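Accompanying notes for the structure given below.
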Amino acid sequence: DWVLGGQRCRDDDRSRHHLPAWPDSFERSTFSPEANVLENIWKVMSNSSSFVSTSPGTSACYDFSDNTSLGMSPPQSSTSTPWCGFSPRAKSYNPDASIALVGIRGAGRSTLAVMASGALGFRLLDADQHFFQVTGLSRAAYKAEHGAVEYRREELRLMRTMLFDNPTRAVIACGPGAVEGTGQTWLSEYAQTHPVIYVLRDAEEIKRHLRVWDTEAISRLIYLSGPTHRSLSNFEFYNISDSYGQVADHVSGSGQQSPRSLALKRVEHDFLELLFRITNRNHHESGLYHVSHGTPSLAPERRPFTYSLTLPMMDVDNAGPLLRDINTTADVAELVISLREMRARSPNFDEPVANFISRQYYAVKRYTRLPVIFNVQFDDSCPRQDLAYYLRLIDHGLRLAPEYLCVDLSCGEQILKSIITARGTAKIIGQYTDNTVLEHGWDNPALIAHAQLAERLGCDISKSSDFKIPLIAYNTGRLGRMSCYLNQIFTPVTDPLLKSITPSPLNDTLLTIQEAQKALYSSFLLDPMYFSIYRINVLQSLSPAMHNAAFESCGMPHEYKIFQHPTVNHLRHLISDENFGGASITAPFKKEVFALVDLTSPEAQAIGAVNTLIPLRSASIDSLIDRNRTGPVAALYGDNTDWIGIHTCIRQNLSPINGVKRRTTALVVGAGGMARAAMYALLRLGVRNIFIHNRTLKHAEEMLRHFQDGQPSADTSLPADWLASPTGGVAIELSYMPLEPPLLKQVREMSDQGWIAVDGLKVLPEQGIKQFELFTARKAPGNIMRDEILKAYKLASWTRSTVCRQFLLPVMNSYTSSHEGPTKNFFIFGHNISHTLSPTLHNTGFRELGLPHHYQIHQTVSVDDTVKEIIQLDDFGGASVTFPHKLQIGRLLDSVTDFANRIGAVNTVVVDTDPTSGERRLVGDNTDWHGIKRCIAKSELQDLQSSAALVLGAGGAARAACFAIHELGISEVLIVNRTASKAYDMAINFPGIKEARVFETLEEAAADRQKRGVSVKPLRVIVACVPADDLGSEKVPTALFSGADSGVLVEMAYRPQVTGMMFVASLHEGWRIFRGVDVLEEQAYAQSELWTGRKAPIEVMRAAMQAKIKENEQAASLK
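Everything in the sequence shown is counted per UniProt numbering, starting at 1 for the first residue and increasing by one.
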């Protein structure tokens, strides 16, 4: 049985009710009232709330507290009036007015109330919790103890105090009493001066959440309670669960996807966006919704050449799940509702229609993350009853609080005035469409009269010459495309993906944004320009790839270049170029640029650094909006977007339960330029308890003084359990080299405790997106820029390989300044290394490159204080690291590369500049594997993937050998080491080696292979990584070499000239032998390129080494 209008009906009565056709995903109830009921009813939203009953008598709703159906009397209602008396309720409220949420149980009221309370800083009042706190009993317990009548009386009393004793700065999640009897009257009165939001949710999701009843029963409840909830509320929010069009966030460079703790993040975004609109607050003041920037920013309708992505409502279900894949740079999304199509599908505007529209609206919001134009297509040729239907749609649109609402100018002044009065924060677009052939075209007085009408009535925009309000004007159809790209405001556009999934005549005639932009540049209305990144060393910058991909995606013929110079002087030459569009400024020039700029943003002033330089073609700050036009530079504008990348990543990855509150605490590690940007981002988010950890206390205190304008606290220490937050948190690493430093690895291991790790590859594109928008005054294609960053990073990692250097380094050298720079000292750190050939190799290379550097030996038993002192010197340029220091040096460095981290040993120290902060840092790398791999490759063995390899030893060189073997595609490796446990540990570090067999002696390894017989892969690669004195020829089984007709031995030992392993290998034809000096030579070339950024002069370095070897041999023979 089900209840409708106080009448109890049987399921078989449903057949009497007409059900129009809707999309499959629209769960239309099968128990709607008669189709013609609403033709005689018009809901008037005036100062006294009206109530719509779908049939005479009482309305019904469902109370989940006792699982009974409750008959309720409607509140006082206005007399129904015909459509000409349309008078929607005004929707402007005090920003501090309390907010009430209503809806059935399971819709999400309580969770949304928590989100709203945290974002707005309002008190949280939940009806269920309030009832328990006052009475000491749950609702069910109180009803059982005191009876139903006393329970209703107490519930109403508490509801009234909750509403009227908290008129400001509270979020109230109402209980079932708010929609019953007297409660309706009070809530209706409350809604006159306070926002009351009706929360809806899919029946299937409510069932999943409550784990009760079936979907059909919940659908009935939504249908029956809908009229009451809508009559008592003035806004509504559709709580779309992530299962509806699940969208995975961008993964980080390390492949991390959205943690479970962020499951409600999208819902939070959608709901807070609604709250900020209806409370008429600054959309950005909390910092949790969007970033507010001090740069002069105009609304989309005030900027030149903005675009509206056209989405017919009936296509949203088909297009919706794919909208997330559209890299749209549209400024708004236009939800187009065809009145004729709506009337054909459902003759009356009823609850299912309203629910469907709300769901589609919030689906567009979820998918596009754009401001929405709510546009019901109507014209004066529609019959009278269509106008009533149209006004119901418009009234419902106002409940959704869209950013823009289209109203047809043919409706008449009285109705238009009513709509404009009730618009709240929505901007009204007055729309007029003329389908006739006009005698005077665009000069026809009728068109001008309609635009003047829109302006006189108070429309914000006229969609139909000199008007005070923005004017949208274009011709439709294929012949109107030129007028479309010349139109400057909200030009309707489509997307190639939309064309493919929702083919329609409309999509066929619309331009894409890329087509419209290309047309503007081809017509010489906009000009191609060049942009740049400017710093001392930018060879590994990911910014050019990111920005150039964005330009191409947007149809802009701009180019982003690299400019590498040791001083800021050359920048003066760039800014004098009429084609110069802007520059990204990196350390160490972020402070020096202040002297060049004429105007700066508040953010740049607060942080004390400029990372974005914009040329202005007039001395006015207003020209910042007028971009993409060349000409003499009249002034320079300096901005800072570093903080935006940090701010965005915190905001996107801070779970709702960890929303910023009064007691929220943050930690900043470091005190340089990027640390200041991080401090500023945290302050903008509302965080007030900030710890600073820096190895130089003085620098941390200076940064505190910069932001506090006073004395810092004397205690800057951190609690030992700072990662013990019971709800987790977010950790952001600004550097992306390496991609997963120890901190992020530690945090990711705590993901089950709510901690979220964000790597530098997520931060960089967020600030780059803002830079792009400053450069072009256009919305950035964020997804493309994020994807391109990841591609460029992978490419940059690949360029470390020897093969890639042969192709890319000559190109990179063309960017390198001829300025030699100061003299740097390089070293080799190790023990018993007086015989090393490294000084000969590297000093020869420096001389050939014209560099005044010097390479020398520093011999110590261990990594002691002398090593520590050397690497801290200003003239320290880098170092080679050999046995036994490869495993010890890492503790003195700032970071290690992915290669060194995987190998577990450092043989190269590089002095680098942090790509984010610009600070000097010491990076550990490993080039041993390059040398080993290159020697094996020189053997020209074929089909290595079907071969086996043997590694002798388990130290740093052996780890490098395993890595090189893995890179060559060899999946079966024998590891021989006298301590088997060390060999097992090494094998575990290389999961790509599918089969690793461990032995303590070479004899055991040979015996195992003979035992396994013909089934084993031929052993064709052997790398010996142990001192040669420990292994005479008598200890080397010849069977290791006789199982293959050809192979390669890499002997890492330098002495003696012929080792036992080399002697046995030489007895087998087809085996090539590479000595330790061969490996030294190959890895040294890689070291040289890391240190200098230049291609190593291989032939000259090799000749010098060979000459040194001969010299040593002659000297030895004389002794």
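Beta carbons are placed, not taken as given, at the ideal position from N, Cα and C, and that holds for glycine. Since the model is a prediction, treat every value here as computed from it, not as a measurement.
Under the three-state reduction of DSSP, C411 is assigned to helix. By a beta-carbon distance limit of 8 Å, I975 contacts V951. Their separation comes to about 5 Å. Annotation: the continuous alpha helix (DSSP H) that includes W1091 extends over G1076 to T1092. DSSP places N548 in the uninterrupted alpha helix (DSSP H) bounded by S543 to C554. When A780, D928, G631 and G670 are compared, the shortest CA-CA separation from R920 is found for G670. Taking A1107 as the centre and dropping the five residues before and after it, the same chain places no C-beta closer than 6 Å to its C-beta. Shown here, I489 sits in coil according to DSSP, grouped into three states, outside any helix or strand.
If you draw a 10 Å sphere on the C-beta of I533, you find 16 or more other C-beta atoms in it, and that means buried. Scanning its chain for C-beta atoms nearer than 7 Å, with the 5 sequence neighbours on each side dropped, one finds around R302 the residues P470, in chain order. Counting only unbroken stretches of 4 or more residues, the alpha helix (DSSP H) elements lying wholly within the segment 169-248 are 181-190, 203-210 and 215-231, in sequence order. Shown here for R663: same chain residues with a beta carbon closer than 8 Å to its own, the five before and five after excluded, namely N689 in chain order.
Taking a C-beta distance under 8 Å as the contact criterion, L232 and L187 qualify as a contact pair. The Cβ atoms of I903 and V1050 do not sit closer than 8 Å to each other. Here A724 carries a coil assignment [DSSP, helix/strand/coil]. Taking all protein chains shown into account, S981 has fewer than 16 neighbouring C-beta atoms within 10 Å of its C-beta and is therefore exposed. Proximity to L511 across K499, T494 and Y521 peaks at T494, based on C-alpha coordinates. Taking C-alpha positions only, G424 is separated from D395 by approximately 12 Å.
Residue state for H573 is assigned as helix, using DSSP reduced to three classes.
DSSP places F829 within a strand segment (E or B) once states are collapsed to three. Two segments are said to touch when three or more pairs of C-beta atoms, one from each, lie closer than 8 Å; by this definition the segment 626-642 touches the segment 575-595. For Q859, the enclosing beta strand (DSSP E) has its first and last residue at H854 to Q859. Around the beta carbon of L298, a 10 Å sphere encloses fewer than 16 other beta carbons of the protein chains shown; the residue is thus reported as exposed. By the Cβ test, the segment 890-905 is not in contact with the segment 1047-1067, since fewer than three Cβ pairs between them sit closer than 8 Å. The DSSP-derived three-state label of S500 is helix.
Relative to the Cα of T567, the nearest Cα in the group R152, E559 and T586 belongs to T586. When DSSP states are grouped into helix, strand and coil, H565 belongs to the coil group. The bridge partners DSSP lists for C406 are N375 and I429. Looking at M314, R324, N355 and N327, the one whose alpha-carbon comes closest to that of S338 is M314.
Distance from the Cα of L409 is smallest, within the candidate group L387, L309 and P765, for L387.
Of the candidates Y485, P1018 and R786, the residue whose Cα lies closest to the Cα of L526 is Y485. Beta-bridge annotation (DSSP): D434 is not paired with any residue.
A check of alpha carbon separations from C649 across D759, L743, L636 and P632 identifies D759 as the nearest.
If you check the CB distance, Y93 and H229 do not come in under 8 Å.
Between the alpha carbons of N475 and P347 lies a gap of roughly 31 Å.
With contacts defined as CB atoms closer than 8 Å, N907 and T882 qualify as a contacting pair.
Under the DSSP definition of a beta bridge, P742 lacks any partner.
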